[in-house]
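>
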Amino acid sequence: MEGAPIPRRFVLAKGPAAVVLTGLRRIPFRVLRICSEVEIVRRPVLVLLLAIVAGCESTSSDFPLLDGGEIEQHMRTLSSDEFLGRGPGHPGGDMAAEYIGAQFASWGLDAPDGSHFQAVPMVGTTTDPASASLSFGGPGGAVTPAYMDDFVLNAGDPVAEGAGGSAELIFVGYGINAPENDWNDFAGVDVAGKYIMILVNDPPAPAAEPDLFGGPAMTYYGRWTYKYEEAARQGALGAIIVHDTEPAGYPWSVVRGGWSGEQFALPPDPSGPTPAGMVGWVSLDVATEALAAANLDFEDLMAQAAGREFAAVETGVIVTASVESAVREVETMNVVGVVAGATRPDEYITVSAHYDHFGVGEAIHGDSIYNGAYDNASGTAMLLSLAHTISNMETAPDRSIVFIATAAEEQGLLGAQWYAQTPLFPLNQTVAELNVDGANLWGETDDIIVQGEERSELGLFVRPRAGELQLTIMPDAEPEKGFFFRSDHFPFAKAGVPSLYFEHGRSYLGKPEGWGNDVQAAYTANHYHAPSDEYSEDFVFDGAVQQGALVTSVLLDIARSDLWPNWHAGQEFKAARDAMMGGR
Ligand SMILES: [Zn+2]
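The letter at position 130 of the sequence shown is residue 110 when you use my numbering, and the numbering goes up by one with no holes.
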């Protein structure tokens, strides 16, 4: 593979001789010494001119590079079998947290309130499969689907040890209440105490309004988490989402897998609405049969639901459901280290990467340790290298930087959600949130994906640096899958804090077109959330250094700036930001 790891001598010098990025150039030499202290390194196409400054002039000595060797070492450690897949609430997860906390401490990062650990309380729920039942009855017949094969169900309140009840089924289309889009599927109907049936994703944009609900891209209204939240606000007894492979973006097996075994949630937020009594999914076939029991046609209703004139349908079908679960309290922790700002320490930027993975689970090909090397030992390693590098800078940036290795992301962004709910530093003093989930392990690219840069004024920080690093900013490769809502910056965004999620590029230097997409697709098919997401000697770290250069430069630019970037008009999260900043 082209683009070998950056030789150690070219990366991150410590102490007074800081390595700085002074410019980008194409030069025909392998290695050049232009003065005794400066080395120019020839990279495949992108040439980083690295100056080890001691007596040499540097024109824009404004950000240090990360150390590829250091990223490699942390990733190798965290993804080793010794860490048992870093399951939250399990010894491996605790070990990982302690490892990260020890690194923060050794580099002298500040510990908020004297500790690098923020306890994250979780509720672990294990459904008794024998207790889970769901049936639909109407004038056109009765439907009794099979648990796991056709439906999944749980109490909406994770602390409840069960739920049950009979009530009418109301078909609410996409189940969206979006005043800014003049769209309300709950207009003129009272679903309090009823079951609601909801379509997954958001409505397709009509020709007359191609940008409605983000056009082909998914908005937050399309996410299943939103559907349950809205059901709670509407006071529904139960919320049943209809699974449909294409709009969901994943097959039924993913729903089934996600609802098997012990599931974790945060205890209910006392400041939020009471959760719906029951939440679940049914297969497309079950939804079709359930509506047929009321002599209604699913396809007809789905077509109606795509229009603004849609009105929710009281089906007359009676739903009877019950479920019992074993519930236990479990604790995990976010790991936090702070580099205090030199001049404005009470203005914060958070940087997050989740360190948890699935722990030890069902064996696949004889391996039961879910190492989560790419997902997300790699991003955690980058976070560590970033924290180390910034803590080593001679002059701290003006604003404070809060490094957070988040817990229980794989369980539904729980650690990040907990931080956003109970922040260690006020969110209205938090300028921005930057997230890394997946470092580049395959080589340098000439492009990069930065989720959210188009949504807020943070894009003004990203674009010039991407240009300088010769990285073309590419739009989300799969906008219909709603990745912006699926990593740890999102709870910050939802609370109002402008956020970025730094993915890596797909166009690898020296590789044929499509190679990066193939690598990504092969990873998703073979290793995503499987025990085989393991450390490989084939990984290279120059791409991670390059990705890290964008993260570092953008982070430092924000940390040196006195701007308070906001969301662009029309973004889902602007109202929350405006409200919190109004009170500042
Ligand atoms: Zn994951």
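Where a beta carbon is used, it is the ideal one built from N, C-alpha and C, also for glycine. Remember, predicted model here, so these are calculated numbers, not experimental data.
1) Could I get the ranges of all uninterrupted alpha helix (DSSP H) runs contained in the region 189 to 230, with 4 residues as the minimum, in chain order?
2) Straight-line CA distance for T199 to A185?
3) Measuring only from the beta carbon, is H70 closer than 7 Å to any heavy atom that is part of ligand 1?
4) Identify which residue in F482, N314, P125 and S467 has its Cα closest to the Cα of E434.
5) Rounded to the nearest angstrom, what separates W261 and I220 at their Cα positions?
6) Residues in the same chain with beta-carbon distance under 6 Å from F472, minus the five sequence neighbours each way, listed in chain order, please.
7) Per DSSP, what kind of secondary structure is I156 in: helix, strand or coil?
8) Measuring from the CB of D355, is there a heavy atom of ligand 1 at a distance below 7 Å?
9) Would you tell me roughly how many angstroms separate the C-alpha atoms of W547 and E304, rounded to the nearest one?
10) What did DSSP end up calling F244 once you bin it into helix, strand or coil?
11) Are the Cβ atoms of V266 and F131 separated by less than 8 Å?
12) Compute every distance between the C-beta of E390 and the non-hydrogen atoms of ligand 1, then say whether any falls below 7 Å.
13) Under 6 Å Cβ to Cβ from R213, same chain only, skipping five residues before and after it: list those, please.
14) Give a yes or no on whether the C-beta atoms belonging to A245 and M102 are separated by under 8 Å.
15) So, do the region 281 to 290 and the region 494 to 503 have three or more beta carbon pairs nearer to each other than 8 Å?
16) First and last residue of the beta strand (DSSP E) that includes R56?
17) Could you check which residue in H469, G317, T268 and A167 has the C-alpha nearest to that of L394?
18) Distance, Cα to Cα, S302 vs D336?
19) Establish whether the CB of H334 and some CB of chain D are separated by less than 8 Å.
20) So, under 8 Å CB-CB, Y175 and D165 are touching, yes? Tell me the CB distance rounded to an integer number of Å.
21) With a CB to CB cut of under 7 Å and the five nearest residues on each side skipped, what residues in its chain are close to P8?
22) Is there at least one non-hydrogen atom of ligand 1 closer than 7 Å to the beta-carbon of H509?
23) Using CA atoms only, rank isn't needed, just tell me which of V222, P255, D522 and H70 is closest to D426.
24) Going by CA-CA distance only, name the one from A376, G218, E424 and Q53 that's closest to W495.
25) What does the alpha-carbon distance come out to for the pair V27 and P44?
26) Could you please give the first and the last residue of the uninterrupted alpha helix (DSSP H) stretch that includes Y503?
27) Does the Cβ-Cβ distance between G432 and F464 come in under 8 Å?
28) Would you tell me roughly how many angstroms separate the C-alpha atoms of C15 and Y488, rounded to the nearest one?
29) So, using beta-carbon positions, are S467 and D417 closer together than 8 Å?
30) For L543, which beta-bridge partners are listed by DSSP?
31) Within 10 angstroms of its Cβ, does G168 collect 16 or more other Cβ (buried), or is it exposed?
Let's see:
1) 204 to 213 and 225 to 228
2) In the sequence shown, residue 199 corresponds to position 219, counting from 1. In the sequence shown, residue 185 corresponds to position 205, counting from 1. About 12 Å.
3) Reading the sequence shown from its first residue, position 90 is the one you call residue 70. Every heavy atom of ligand 1 is 7 Å or more from the Cβ of H70, so no.
4) Within the sequence shown, residue 434 is the residue found at index 454, counting from 1. Residue F482 is the option with its Cα nearest to E434.
5) Here residue 261 refers to the residue found at position 281 when the sequence shown is read from its first residue. Here residue 220 refers to the residue found at position 240 when the sequence shown is read from its first residue. Between W261 and I220, the C-alpha separation is close to 5 Å.
6) As a working note, residue 472 is residue 492 in the sequence shown. Answer for F472: A400, E413 and S479, listed in chain order.
7) Sequence index remark: in the sequence shown, residue 156 carries index 176 (1-based). Coil at I156, not helix or strand.
8) The residue labelled residue 355 in the question sits at position 375 within the sequence shown. Yes, ligand 1 has a heavy atom inside 7 Å of this Cβ.
9) For the purposes of this step, residue 547 is taken as the residue at position 567 of the sequence shown. For the purposes of this step, residue 304 is taken as the residue at position 324 of the sequence shown. Whole-angstrom Cα-Cα distance: 42 Å.
10) As a first step, residue 244 is located in the sequence shown; it is residue number 264 there, counting from the start. Looking at F244 - three-state DSSP - the assignment turns out to be strand.
11) Taking the first residue of the sequence shown as position 1, residue 266 is located at position 286. Taking the first residue of the sequence shown as position 1, residue 131 is located at position 151. Closer than 8 Å, so yes.
12) By one-based count along the sequence shown, residue 390 stands at place 410. Result yes, Cβ under 7 Å from ligand 1.
13) Here residue 213 refers to the residue found at position 233 when the sequence shown is read from its first residue. Within the same chain, R213 has close Cβ partners P253.
14) Position 265 of the sequence shown, counting from 1, holds the residue named residue 245. Position 122 of the sequence shown, counting from 1, holds the residue named residue 102. For A245 and M102, yes; Cβs fall inside 8 Å.
15) no
16) Here residue 56 corresponds to residue number 76 of the sequence shown, with the count starting at 1. It is not in any beta strand (DSSP E) - R56 instead sits in the alpha helix (DSSP H) that spans G48 to L58.
17) Against the sequence shown, residue 394 aligns to sequence position 414. For L394, the nearest C-alpha among the options comes from H469.
18) Working through the sequence shown from its first residue, we reach residue 302 at position 322. Working through the sequence shown from its first residue, we reach residue 336 at position 356. Going by the C-alpha atoms only, they are around 32 Å apart.
19) Here chain D cannot be found, since the structure has a single protein chain.
20) By 1-based counting over the sequence shown, the position of residue 175 is 195. By 1-based counting over the sequence shown, the position of residue 165 is 185. That belief does not hold up - the Cβ atoms of Y175 and D165 are roughly 15 Å apart, past 8 Å.
21) In the sequence shown, residue 8 corresponds to position 28, counting from 1. Low per-residue confidence applies at P8: pLDDT is 28, beneath 50, and the placement is therefore not dependable enough to give any value.
22) Numbered from its first residue, the sequence shown carries residue 509 at position 529. Under cutoff, so the answer is yes.
23) In the sequence shown, residue 426 corresponds to position 446, counting from 1. Of the candidates V222, P255, D522 and H70, the one whose C-alpha sits nearest the C-alpha of D426 is D522.
24) As a first step, residue 495 is located in the sequence shown; it is residue number 515 there, counting from the start. Here the closest residue by C-alpha is E424.
25) Taking the sequence shown and counting its residues from 1, the one referred to as residue 27 is at position 47. Taking the sequence shown and counting its residues from 1, the one referred to as residue 44 is at position 64. Bear in mind that a pLDDT of 36 at V27, under 50, signals an unreliable position, so the model cannot answer this.
26) Counting from 1 along the sequence shown, the entry for residue 503 is found at position 523. Segment W495 to N506, the alpha helix (DSSP H) holding Y503.
27) Taking the sequence shown and counting its residues from 1, one reaches residue 432 at position 452. Taking the sequence shown and counting its residues from 1, one reaches residue 464 at position 484. Closer than 8 Å, so yes.
28) As a first step, residue 15 is located in the sequence shown; it is residue number 35 there, counting from the start. As a first step, residue 488 is located in the sequence shown; it is residue number 508 there, counting from the start. In this prediction, C15 scores a pLDDT of 30, lower than 50, which makes its location untrustworthy; the coordinate-derived value is nonetheless stated afterwards. Using only the alpha carbons, I get a separation of about 32 Å.
29) Numbered from 1 along the sequence shown, position 487 holds the residue referred to as residue 467. Numbered from 1 along the sequence shown, position 437 holds the residue referred to as residue 417. Yes, Cβ-Cβ distance for S467 and D417 is below 8 Å.
30) Here residue 543 refers to the residue found at position 563 of the sequence shown. Paired residue(s): none; L543 is not in a bridge.
31) Position 188 of the sequence shown, counted from the first residue, corresponds to residue 168. Per the 10 Å Cβ criterion, exposed.
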